[in-house]
Amino acid sequence: MGTKLEGATAPEAEVVKTTQGTEEEKQTEPKEESTVERTYTQKELDKALGKGLESINRQLSEKNKALAAKEAELEETRKTSTRKLEDLQGELEDIRDEHQQAIKALDDDDVKKSYTDRATLRKREREAARREKDAEDKLSKAETLVYKQGLEAKAKLLHEETGIPVKELVECETESEMEVKALRYQLTHPTGEKAKDDGEDKSPKFDSGLSSGKADLSGLSQEDRLARALAKMDKGK
Numbered sequence: 005m006g007t008k009l010e011g012a013t014a015p016e017a018e019v020v021k022t023t024q025g026t027e028e029e030k031q032t033e034p035k036e037e038s039t040v041e042r043t044y045t046q047k048e049l050d051k052a053l054g055k056g057l058e059s060i061n062r063q064l065s066e067k068n069k070a071l072a073a074k075e076a077e078l079e080e081t082r083k084t085s086t087r088k089l090e091d092l093q094g095e096l097e098d099i100r101d102e103h104q105q106a107i108k109a110l111d112d113d114d115v116k117k118s119y120t121d122r123a124t125l126r127k128r129e130r131e132a133a134r135r136e137k138d139a140e141d142k143l144s145k146a147e148t149l150v151y152k153q154g155l156e157a158k159a160k161l162l163h164e165e166t167g168i169p170v171k172e173l174v175e176c177e178t179e180s181e182m183e184v185k186a187l188r189y190q191l192t193h194p195t196g197e198k199a200k201d202d203g204e205d206k207s208p209k210f211d212s213g214l215s216s217g218k219a220d221l222s223g224l225s226q227e228d229r230l231a232r233a234l235a236k237m238d239k240g241k
C-alpha cells in the first residue's frame, strides 16, 4: 500500500512545474510594437498644399500694398520738394531782376526814376507806420498817467469824505470800485472819524488798472479819451 501511493503522486508534481514554467515564459516574452504608419490620400495632400500657397499669397499681397503706400508717399514728397524748389527759383529770378534794374538805373534816367520812386514809397510807408506806432505809445502813456493821477485824486477825496485810509484804496482799479469800497467803510464806521494813515505818504501809488500798463478806458471814444487826458494834464500844471 505504501509503495503505490508514492508512485501516484510524483507525476502530478512534475505537471504543475511544467505548467508554471510555461506561464512565466509567456510573461517574459517581449511584446512586438506596432509599426503601421498612417498614409495620406492625394486629396489631403492637395488640400494642405493649397492652404500653404494661400498663406504665402496673402503675405505677398500685404507686402505689395505696403510697398505701394511707401512709393506713393515718396512720390508726394518729391512733388512737394519740386514745388518748393520752383518757388525758390522764382524768388531768385525776382531778386536777379531787381538787381539788373538797379544796375540799369545807373545809366537809364527813366529806370532810375521808377526804381527810386518805388524805394521812396516803401521808405515813406515804413516811416508812416513807425510814426503811427510812436503816437499810439505816447497816447497810451498819457492815458495811463492821467488814469493814475485820477485815482490818486479820487482816493484823497474819498479819504476826506468818508475817512477811509488811502492805502485801502490802492488795489482798486476804477473810481467806481473806490467809491463802493469807501461807502462800505463809511457804513461800518458811522462815527465819521477819519482813520489815521500812521504817518504814511498821503499820495498813494496806483497801478494803471491793467497788467499791460494801459488804463481801462475802453468805454470812452477816442475824442473823449483825448479830452480827458488834456484836461487832466492842464489841471496838473
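Take the sequence shown: its position 62, counting from 1, is numbered 66 in this note's numbering, and each next residue is one higher.
Glycine residues also receive a C-beta, built at the ideal position from the N, C-alpha and C atoms.
Please read these numbers as outputs of a predicted model, since none were measured by experiment.
- For S118, the closest of E102, A132, E129 by C-alpha to C-alpha distance is E102.
- In terms of Cβ geometry, I168 and A186 form a close pair [threshold 8 Å].
- Residue range 179-192 is occupied by the alpha helix (DSSP H) that includes Y189.
- One Cα belongs to V184, the other to K137, and the distance between them is close to 37 Å.
- Judged by pairs of C-beta atoms under 8 Å, the stretch 172-184 touches the stretch 141-158, as three or more such pairs exist.
- The C-alpha of K142 lies about 33 Å from the C-alpha of T120.
- Assigned with DSSP and collapsed to three states, V174 falls in coil, not helix or strand.
- In the three-state scheme derived from DSSP, where H, G and I count as helix and E and B as strand, D112 is classed as coil.
- Here L149 is not near A159, since their CB atoms are 8 Å or more apart.
- Under the three-state reduction of DSSP output, I99 falls in the helix class.
- Counting every other CB atom within 10 Å of its CB across the protein chains shown gives E129 a total below 16, marking it as exposed.
- Put simply, the backbone Cα of A139 is about 12 Å away from that of E147.
- Per the coordinates, the alpha-carbon of H193 lies some 9 Å from the alpha-carbon of T166.
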